[in-house]
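Residue numbers (my numbering): 39 to 528. For each residue, glycine too, the CB sits at the ideal point set by N, CA and C.
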Amino acid sequence: MATLPLSSSGAPGASLEDELRQAVGAEQVLTRPEDLFVYEADGLTHHTARPRAVVLPRDKTDVVQIVKRCRAHGVPFVPRGAGTGLSGGAIALDDGVIIECARLDRILRIAPEDRFAVVQPGVINADLSKAVAHHGLFYAPDPSSQQACTLGGNVAENSGGPHTLKYGTTTNHVLALEMVLPDGQLVQLGSPTGSAGGYDLVGAVVGSEGTLGIVTELTVRLSPRPERTETMLGIFPDVVSACRAVGAIIRSGLVPAALEIVDRRTIEAVEASVYAAGLPTDAGAVLIIELDGPAVAVGRQVERCQDHCREAGASEVPVARDEAERQRFWRARKGAFGAMGRLAPDLYVHDAVVPRQKLPEILEKICEIGDRYRLRLSNVFHAGDGNLHPNISFDRRDPDEMERVLAAGEEILRTCVEAGGVITGEHGVGTEKKEYMGLLFSEADLDAMRKLRAAFDPDRMCNPGKMFPATRFCAEANPKARGYDQVPFG
Ligand SMILES: Cc1cc2nc3c(=O)[nH]c(=O)nc-3n(C[C@H](O)[C@H](O)[C@H](O)COP(=O)(O)OP(=O)(O)OC[C@H]3O[C@@H](n4cnc5c(N)ncnc54)[C@H](O)[C@@H]3O)c2cc1C
39 MATLPLSSSG
49 APGASLEDEL
59 RQAVGAEQVL
69 TRPEDLFVYE
79 ADGLTHHTAR
89 PRAVVLPRDK
99 TDVVQIVKRC
109 RAHGVPFVPR
119 GAGTGLSGGA
129 IALDDGVIIE
139 CARLDRILRI
149 APEDRFAVVQ
159 PGVINADLSK
169 AVAHHGLFYA
179 PDPSSQQACT
189 LGGNVAENSG
199 GPHTLKYGTT
209 TNHVLALEMV
219 LPDGQLVQLG
229 SPTGSAGGYD
239 LVGAVVGSEG
249 TLGIVTELTV
259 RLSPRPERTE
269 TMLGIFPDVV
279 SACRAVGAII
289 RSGLVPAALE
299 IVDRRTIEAV
309 EASVYAAGLP
319 TDAGAVLIIE
329 LDGPAVAVGR
339 QVERCQDHCR
349 EAGASEVPVA
359 RDEAERQRFW
369 RARKGAFGAM
379 GRLAPDLYVH
389 DAVVPRQKLP
399 EILEKICEIG
409 DRYRLRLSNV
419 FHAGDGNLHP
429 NISFDRRDPD
439 EMERVLAAGE
449 EILRTCVEAG
459 GVITGEHGVG
469 TEKKEYMGLL
479 FSEADLDAMR
489 KLRAAFDPDR
499 MCNPGKMFPA
509 TRFCAEANPK
519 ARGYDQVPFG
């Protein structure tokens, strides 16, 4: 870990806001209530907390200065990208400062011969693939939010996407990181060659939800574009038979690039929206199957997948006729959460993982839970990974409905864990699921995680109140923590 010390200073008696304005420029510091309002939540709209200020650094030196000034005033700080997170990770609890990295948005280097790119954290996910396309390369992790979310946010959440099944999540594509530690030191972790030696601190930071420091530069792996890509739609009478087809395809040894299920309620919302792609509104579910690889292999694999779908009950399995139709299918899939905005003012996107073989049984149980709580529940999910997204459309202004939404959500999570699953596949723990960490981890497990965190941030100044359940341990072990990990959202 190479360190680059940078100085900190501040006029005695000056307010934090004044010092921040002086350090990075007044126009980079937002404090008016109407400016702060948009930072009160991320994509989990019912967890809100207004930040004390939002600062917009333009480079890593700004980030160091902001961190040092916040520390000097004992004020916690939270890195933020585009705010599309779905677990409350990017909100500032306890009157903290948000450090929004969106202006660190430059692609610094593309190395096609070594297949990596060096980028700033505010680069939008989809823009990287566009920028390297003329080299025959792409950046594989493709969250459905990829037109808006940032690579810094992807690192913090270890984001996945439809193509995670074949290509892996963000952690499989990050080679090196530069970050500002919570004490203001700038460090380099990992190496573009992918073999730095020592502890795998890049691995520790990916998925750490902004609690270990602020990423200011990433070196990411680029992948060669496959020679041939085919995308087809398995049209099924219900979600359960689509899940059976997923099991059969995986069991046969095929590794599709993507296996995504979209249920009837979601199809209806999509087809009534700008994302309409001609999906059959009378189907119980569609299974989007994408295969990619050498041209000679893909054709035969298409036929095998079609056979598996028919055996599981598909009425038809049409293949996209051209690239435009293929893109329409993906626009429909990736726009599904947006399209559901038509159903109700709020959408609670759940995220849990179950073993693939349990998909049919768990899907049935989830639908039953939705019905029992009288909720509008729909499913669109990364079926190949067993990564479920039960989505509940609701209106948070209705306290009774809100209560039922939360109770159903908890029951869904418990059902998934009891089936051998986990509480998040890709959206993180944040404020949303910190109290459910105990469903999976013992106090000793959590202790090991807290110790890792303490090695980076002993005073818990960086994104406090996230990931860890509120326990006596937090406040007692470290009086400087001021009980941040006990502060509720609200
Ligand atoms: C419509 C929709 C579809 C989605 N689909 C997917 C999907 O398919 N797969 C998936 O994985 N997720 C998905 N998400 C969730 C979300 O887009 C991802 O979690 C994404 O990675 C968040 O990126 P962001 O830039 O918006 O980060 P934010 O929401 O701003 O922040 C997320 C976390 O990252 C931390 N962070 C941000 N920048 C930095 C930094 N520079 N250094 C350190 N920490 C930082 C924050 O503190 C926070 O904890 C979806 C969200 C929406 C709204």
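- Contact check between the stretch 209 to 220 and the stretch 143 to 150: fewer than three CB pairs, one atom from each, fall below 8 angstroms, which does not count as touching.
- In the DSSP assignment, M378 forms no beta bridge with any residue.
- When Cβ pairs closer than 8 angstroms are counted between the two stretches, the stretch 292 to 302 is seen to touch the stretch 313 to 333, the count reaching three or more.
- Within the stretch 360 to 439, the runs of beta strand (DSSP E) at least 3 residues long that lie entirely inside it are, in chain order, 384 to 387, 414 to 420, 428 to 432.
- Nearest to V418 by alpha-carbon distance, out of D409, S431, R410, R412, is S431.
- Note on S125: 16 or more other CB atoms within 10 angstroms of its CB, so buried under the neighbour-count rule.
- Per DSSP, the unbroken beta strand (DSSP E) holding V156 starts and ends at 154 to 157.
- Secondary structure of F506 (DSSP, three-state): coil.
- Runs of alpha helix (DSSP H) with 4 or more residues, each lying fully within the stretch 243 to 321, are found at 277 to 289, 302 to 309, listed in chain order.
- Between ligand 1 and the CB of T83, the shortest heavy atom gap is not smaller than 6 angstroms.
- One Cα belongs to D483, the other to E473, and the distance between them is close to 14 angstroms.
- Residue pairing by DSSP places I162 opposite T188 in a beta bridge.
- In its chain, beyond the 5 residues on either side, A307, V308, S311, Y313 have a beta carbon closer than 6 angstroms to the beta carbon of A377.
- Shortest Cα-Cα distance from F494 to any of Q66, T249, G422, D276 involves T249.
- A distance criterion of 6 angstroms places the beta-carbon of P150 beyond contact range of ligand 1, judged by its closest non-hydrogen atom.
- Boundaries of the alpha helix (DSSP H) harbouring G476: 475 to 478, taken from the DSSP string.
- Contact check for P502 and L131: beta-carbon distance about 6 angstroms, within the 8 angstroms limit, so the pair qualifies.
- In the three-state reduction of the DSSP assignment, G447 falls in the helix class.
- With the rule of 3 Cβ pairs closer than 8 angstroms, the stretch 385 to 393 does not count as touching the stretch 265 to 276.
- DSSP, reduced to helix, strand and coil, places D330 within a strand of the structure shown.
- In this structure, I252 is the residue among S261, P114, G235, I252 with its C-alpha nearest to the C-alpha of Q223.
- R96 counts as exposed, since fewer than 16 other C-beta atoms from the protein chains shown sit within 10 angstroms of its C-beta.
- Contact between G119 and P159 holds, with the beta-carbon distance rounding to 7 angstroms and staying under 8 angstroms.
- Between ligand 1 and L74, a heavy atom-to-CB distance of less than 6 angstroms is absent.
- Going by DSSP, E481 is part of the alpha helix (DSSP H) stretching over 481 to 494.
- Each of E464, G476, E470, H465 was checked against the Cα of V455, and the nearest Cα belongs to G476.
- Assigned with DSSP and collapsed to three states, Q103 falls in helix.
- Residue pairing by DSSP places I136 opposite V92, V116 in a beta bridge.
- Residues V93, P95, D100, Q103, I104 of the same chain have their beta carbon placed closer than 7 angstroms to that of V62, with the five preceding and five following residues left out of the count.
- For A61, the enclosing alpha helix (DSSP H) has its first and last residue at 54 to 62.
- One Cα belongs to H465, the other to L329, and the distance between them is close to 25 angstroms.
- Scanning R342, G316, A333, G463 for the CA closest to the CA of S290 turns up R342.
- When DSSP states are grouped into helix, strand and coil, E441 belongs to the helix group.
- A130 sits in coil when the DSSP states are folded into three classes, being neither helix nor strand.
- Sixteen is the threshold: since fewer than 16 other Cβ atoms of the shown chains lie within 10 Å of the Cβ of D320, the residue is exposed.
- When the five nearest sequence neighbours on each side are left out, the beta carbons in the same chain lying within less than 7 angstroms of the beta carbon of Y411 are those of R442, A445, A446, in order along the chain.
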